[in-house]
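Novice: Following this message is one structure expressed as structure tokens.
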Amino acid sequence: MLDKREVERVVDLQVKSYNLLTWMASAVTEGFIGFDRAHEYGTLPEAASAWILNHYCDIPIKARPDKQELPAFSNLFSTYLQNSFDLLSNPGKRRYSPDAHCFCPMCSWLVDAPNLKSKKVMPADKRQAQRMKKKVVVNALVEIGSSLSEREIGSFMAGPEVRESLSILAYAHDLLDRTKGFAAGPAALVLWRGFAWTPKGSPKKNFRLSAQQIVDGEADVYRSLSEAASEPQDVAQQ
């Protein structure tokens, strides 16, 4: 099971990284963000880390990571740049240097940051999200020392009573992976919408992710799995 302190840590990183994303987009629009250092680095996590250090004191506290968390924060932050948004205009539309034009990942993204929209979720992304949820279920079954058939696992995952809990638990595991530099792409959006959106497909008003929601979701998934695994075989497959 997840360690609550680690969950609290990764949620704090997620909140701050998203706050930085939105702050940076508005700062680019207003023209007071400089681009004098990030372009020296060739990969997004390194570029993000360098940019954050260079502008550390300018970043609002609600969007500023502790410096010891910078590697994990930069990994997580860079997944937004890589996987969550599409650019609406061509990179290089606005010059940020009077003498040169850099097309490194960070600078190219920063120039067009205000012109972002959420990626369109494709069927492949939904299938990937299902695989991520199934992995959570299989690992949970191992932890509780139980087993279910493929058919039973499918039935469990399709149950509306675990829709949100399973989505938030899979999303939490994905957040942990993102702090290590692994990103699942728009499948993460599918998971997010599984608990942050209503079943009818609209965002929940004023929703804010918390560590306690993840802890409660995990407990619900494990409890529901234990109950499903304890049912007689013929009953479980009806």
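Each number in this note's numbering comes from the position in the sequence shown (counting from 1) with 31 added on.
Here a beta-carbon is modelled for each residue, glycine too, at the ideal position from N, C-alpha and C.
In three-state terms, what does DSSP make of P234?
Specialist: strand
Novice: Just grab the DSSP bridge partners of K164 for me.
Specialist: K164 is not bridged to any residue.
Novice: Since L200 and A160 should fall inside the 8 Å C-beta cutoff, what is the C-beta to C-beta distance between them, to a whole number of angstroms?
Specialist: Not quite, the Cβ-Cβ distance comes to about 12 Å (not below 8 Å), so this is no contact.
Novice: Within a Cβ cutoff of 6 Å, which residues of the same chain sit near F213, ignoring the five residues on either side of it in sequence?
Specialist: Nothing meets the Cβ criterion.
Novice: Measure from the alpha carbon of A260 to the alpha carbon of each residue in S48, E100, E183, then state which is nearest.
Specialist: Nearest C-alpha to A260: E183.
Novice: Tell me which residue opens and which closes the alpha helix (DSSP H) that F213 is part of.
Specialist: It is not in any alpha helix (DSSP H) - F213 carries neither H nor E in the DSSP assignment.
Novice: If you reduce the DSSP assignment to three classes, tell me which class K30 lands in.
Specialist: Outside the shown range of the chain (32 to 269) lies residue 30, about which nothing can therefore be said.
Novice: Given this structure, state the Cα-to-Cα distance separating K47 from W54, to the nearest angstrom.
Specialist: 10 Å
Novice: Whose C-beta lies closer than 7 Å to the C-beta of L179 among residues of the same chain, with five residues either side of it excluded?
Specialist: L172, F187, A259, A260
Novice: What first and last residue would you give for the alpha helix (DSSP H) that runs through W82?
Specialist: 75-85
Novice: Taking its Cβ as the centre, do 16 or more other Cβ atoms sit within 10 Å of N8, making it buried, or is it exposed?
Specialist: With the chain covering 32 to 269 only, the question about residue 8 has no answer from this structure.
Novice: According to DSSP, which residues form a beta bridge with W223?
Specialist: Answer is none; W223 lacks a bridge partner.
Novice: Residue range of the alpha helix (DSSP H) that T27 falls in?
Specialist: No answer is possible for residue 27: it lies beyond the span of the chain, which begins at 32 and ends at 269.
Novice: Name the two residues that bound the continuous alpha helix (DSSP H) containing E192.
Specialist: First-last for E192: undefined, no H or E at that position.
Novice: Whose C-beta lies closer than 7 Å to the C-beta of K231 among residues of the same chain, with five residues either side of it excluded?
Specialist: none
Novice: Taking a contact to mean a Cβ-Cβ separation below 9 Å, would you say G185 touches S255 in this structure?
Specialist: No, Cβ-Cβ distance for G185 and S255 is not below 9 Å.
Novice: Could you round the C-beta distance between S149 and S257 to whole angstroms and report it? I think they count as a contact, below 8 Å.
Specialist: Contact flag wrong, Cβ pair sits at about 36 Å.
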